[in-house]
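Remarks on the structure that follows.
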Amino acid sequence: MSMFDTIFLYPPIHCTQCQTLIGETQTKVFGNLLKNYKIGDMVETSEVKTGIIEEHLYCPNCGASSQNIFITIWHSLITGIYLESTEAEAKLLSIDRADILNHLMTHQRSYEELLRRYLNLYHTIEGYHEYITASATGREWDPGIRFLSTRVSEFVKSKDPLFAILESFKPLRTEEYEEEVSDE
Ligand SMILES: [Zn+2]
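Residue numbers (the numbering used here): 10 to 193.
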C-alpha cells in the first residue's frame, strides 16, 4: 500500500488552473505514516532537518499538479509553506525567537481548547448518565448547578439525546489528526 502524510495549508492556496481553494495536500517526504501536519508542527521523521522541501500541490477538483509549494523546516519544525522558493529561502534565513514562541503559543492555545472541549464532553456525558440512571428508576432528575457549564438540560429534552450530544461534540478539523473521524 502506498502511504503518505497530509499537510494542511493555512491559509488555503488557490489552484492556478481552476481557482479551487486547496486546503491540504499529500506528501511523501515526512515518513509516510499517514500523519497530518500543519505549520508549527514538528516532523521528526523528516530527512530534511533544516531546509526547504519542494512538493507538488495536487488539486482535488481539476487534478492539476503543476504547481509547487515550498515547505520550510527549521530544526524539524515546519515553519512555513510558500509558493516561491525565493520567499521560502528568505523566511527560513530570518527565523527568530519570536517566530518559535508564536508556534509554541499556538500549540498551547489549541491544547487548552482541546482540554476545555474534553472536560465539557466528560461532564455532559456524566450528566446524561445521571439522567438515564434516574429515569430508569423512575426518579426525577435534578441537575442542580453542577451541569450549568454544559448543555445537558437541553440535550435530555431532545428526542435522541445521545445523537444531540454527538452532533454538538463533532471533532474540529484540527482534532482529526491521527485518523479520519468525519467521513460522512
Ligand atoms: Zn484545480
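Where is the CB? At the ideal position from N, CA and C, for every residue including glycine. Here the structure is a predicted model, which is why all the values come from computation and not from measurement.
Quick check: the Cα distance between aspartate 194 and serine 85, rounded to an integer number of angstroms?
A query on residue 194 cannot be resolved here, the shown segment of the chain reaching from 10 to 193 and no further.
For histidine 65, which residues does DSSP report across the bridge?
Within the sequence shown, residue 65 is the residue found at index 56, counting from 1. The partner list for histidine 65 (beta bridge, DSSP) reads Asn77.
Taking 7 Å as the cut-off, is the CB of glutamine 35 close to at least one heavy atom of ligand 1?
Within the sequence shown, the letter at position 26 stands for residue 35. Checking every heavy atom of ligand 1 against the Cβ of glutamine 35, none is found closer than 7 Å.
According to DSSP, is proline 170 helix, strand or coil?
Here residue 170 refers to the residue found at position 161 of the sequence shown. It is helical.
Would you decide whether leucine 66 is buried or exposed? Buried here means 16 or more other CB atoms lie within 10 Å of its CB.
As a first step, residue 66 must be located in the sequence shown, where it is residue number 57. By the 10 Å Cβ count, leucine 66 comes out buried.
Nearest CA to the CA of tyrosine 137: which residue from Glu121, Ile109, Leu124, Asp169?
As a position in the sequence shown, residue 137 is number 128, starting the count at 1. Among Glu121, Ile109, Leu124, Asp169, the Cα nearest to that of tyrosine 137 is on Asp169.
In angstroms, rounded to a whole number, what distance separates the CA positions of phenylalanine 79 and leucine 123?
The residue labelled residue 79 in the question sits at position 70 within the sequence shown. The residue labelled residue 123 in the question sits at position 114 within the sequence shown. Cα to Cα, phenylalanine 79 sits roughly 30 Å from leucine 123.
Any heavy atom of ligand 1 closer than 7 Å to the Cβ of asparagine 70?
Taking the first residue of the sequence shown as position 1, residue 70 is located at position 61. True, at least one ligand heavy atom lies under 7 Å from that Cβ.
So the candidates are Asn111, Thr133, Gln76, Leu113; which of them puts its Cα closest to the Cα of isoleucine 31?
By one-based count along the sequence shown, residue 31 stands at place 22. Ranking Asn111, Thr133, Gln76, Leu113 by Cα distance to isoleucine 31 puts Gln76 first.
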